[in-house]
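Per the numbering used here, the very first residue in the sequence shown carries number 54; after that it's consecutive.
So the structure is just underneath, and the comments pick up after that.
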Amino acid sequence: ETRPNSPHSSRLKSNRSWLSPKVTFNPPADLRVTPPPPIMIFFKSRRWSSQTVFAMLLMCSISLPASTFTVFTPLRAGSSPWRRRVGSLGALDEGLIPEAKVAEVESLYTQPATLKPVPSLSTIRKALSPEIFEVDTFTSLTYFFKDLGLIFLSSYPLYSMTQSLTFQGLPFAAQLLLPVPLQLASGFALWNMWCIGHDAGHGLVSKSGLVNEVVGEVAHSMFSLTPFSPWRLSHKKHHLNHNHLTADYSHQWFVREEDPLSGVWWMDLSHKTRMLQLPILYLVYLLAGVPDGGHVIPYGRMWEGEPDSAVRRGLLSSLVSISFASALLAAMGPTTFATVCVIPWSVMSMWLFMVTYLQHHSPDGKLYTDDTWSFVRGGFETVDRDYGWVNDWSHNMMDGHVMHHLFFTKVPHYRLKQGTDELAAWLKERDQLELYKRVDTKDFVGTMWETWRENWFFVDEKDVVR
């Protein structure tokens, strides 16, 4: 018997016809047994030559239609077949849906009796203060320029040090060690700027789509060397499928008891060398496309079913990143570029990977399948972590993560703390505080090291709710 909450329920499909037209959903190839496709497969599949792609990079800035510069909002009807699988009202933008339809859809998502009930997203929202959902452009830009200042305050002294004759006359070992404090500070400032670009990707810097686009390109494509539009695309799909065993993005999930490494040499090698990969994992994610697809060259599952305008927009962000990095390299030279840019960027990428990994891995975290997953249930399986003084400097990305996942296009970073406090108090009043996960992680380096060493991307079968 088909459950009412199952995506395969005929009753559900008939009642959701108002959401989007019928589309054919083709799930992505299983990355556990098939290595990521090389770049040339992408070119061949789209019948593009390398000359065509190069021409597109040069021309995309003048060929983009105005419609590509829109505020990012989830689940507009017919925009992506991935959204057909969403098992809860939670992934919908309630502002686009009549209240009668909200009540109608929520009534369909009854969960199996073995699962603890979770409140609906609309119920949670009504319990929170209205100001939590207010986006203020001035406040957002204040944080943006503050982080921009921190980047220059840490990067310029670092650059000046490398140009001094005294420094250049030091032994090689000293030239490696002396810049480390400034490199760590510069990398942390870049991580903070990445968080501002993250808000821009969710349309939370401003109600103006143009402001979000500009801030996103500067914060991500330029300073963070993360092509903004491709990252926004894959990150959106992560939010729409968080903690789903097979459909989630950004995170791979391998059931330990299924022995997923057996016979897959490249995965087995990756697991054995996992501790050496921490400084380069984000680079691999962007360039090699594991597990989502390429963020510099558009190929892989994140681009399946996307319109050509999305590809052109993604190539524009890639062009911005490549051009900015090339300009810095040409101006500084390879040695200074590595010291002032590459190493701080690696520090930023380690902050990013550590924070996102620990937000989605906890001892009691659960994963769900089509028969048990819902947007709200998946959101409550993400984790808030207390990093101490780092929380506020990093725009509460660590200790406001659950609130962010529940309302990822509604609550800007500077309102996450208030929203989290109100959410926890409300759940406590309802005797449902067990839904909310918060972990003290002030020893974040040690926690990351041990969790990554012991678990990698494995999940135990007992933690999969099927």
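Even for Gly, the Cβ is constructed at its ideal location relative to N, Cα and C.
Quick caveat: nothing in here was measured; it's all calculated off a predicted structure.
Per DSSP, Asp252 lies in no beta strand (DSSP E); the unbroken alpha helix (DSSP H) holding it starts and ends at Val233 to Gly254. Within the DSSP bridge table, the entry for Val308 names Val512 as partners. The alpha carbon of Gln412 has as its nearest neighbour, out of Ser303, Thr219 and Met328, the alpha carbon of Ser303. Per DSSP, the continuous beta strand (DSSP E) segment holding Arg491 begins and ends at Arg491 to Asp493. The C-alpha of Phe428 is placed about 21 Å away from the C-alpha of Val408. Non-local C-beta neighbours of Thr500 in its own chain, meaning closer than 7 Å and more than five positions away in sequence, comprise Leu411 and Thr494, ordered along the chain. Taking 8 Å as the cut-off, the Cβ atoms of Val373 and Glu503 do not count as close. Judged by beta-carbon spacing, Leu257 lies beyond the 8 Å limit of Val337, meaning their Cβ atoms are not closer than that value.
Here Asp437 carries a strand assignment [DSSP, helix/strand/coil]. One thing to note: Ser370 has its Cβ no nearer than 8 Å to the Cβ of Cys248. Collapsing the DSSP output to three states places His414 in coil. Nearest to Gln228 by alpha-carbon distance, out of Leu206, Gln216 and Val512, is Gln216. Taking C-beta separations shorter than 7 Å and ignoring five residues to either side along the sequence, the partners of Val464 in its chain run Ile185, Phe186, Met456, His457 and Gly472, following chain order.
The DSSP-derived three-state label of Leu368 is helix.
With 16 or more other Cβ atoms inside 10 Å of its own Cβ, Met451 counts as buried. His457 sits in a helix when the DSSP states are folded into three classes. With distances taken between CA atoms, Val393 lies nearest to Pro210 out of Lys199, Pro210 and Asp200. DSSP, reduced to helix, strand and coil, places Tyr335 within a helical segment of the structure shown. Selection Pro234, Gly453 and Leu201 evaluated against Asp439 yields Gly453 as nearest (Cα-Cα).
In this structure the region 338-346 does not lie against the region 234-248, because fewer than three pairs of beta carbons, one per stretch, are closer than 8 Å. Between the region 504-519 and the region 299-313 there are three or more C-beta pairs closer than 8 Å, enough to call the two in contact. The beta carbon of Leu237 sits closer than 7 Å to those of Val400, all from its chain and outside the five residues before and after it, given in chain order. Residues Ala300 and Asp301 of the same chain have their beta carbon placed closer than 6 Å to that of Asn294, with the five preceding and five following residues left out of the count.
Bounds of the alpha helix (DSSP H) holding Gln216 are Thr190 to Gln216.
Nearest neighbour of Leu278 by Cα position, chosen from Phe205, Ser208, Gly250 and Pro234, turns out to be Gly250. Here the alpha carbons of Ser376 and Gly202 stand approximately 22 Å from one another.
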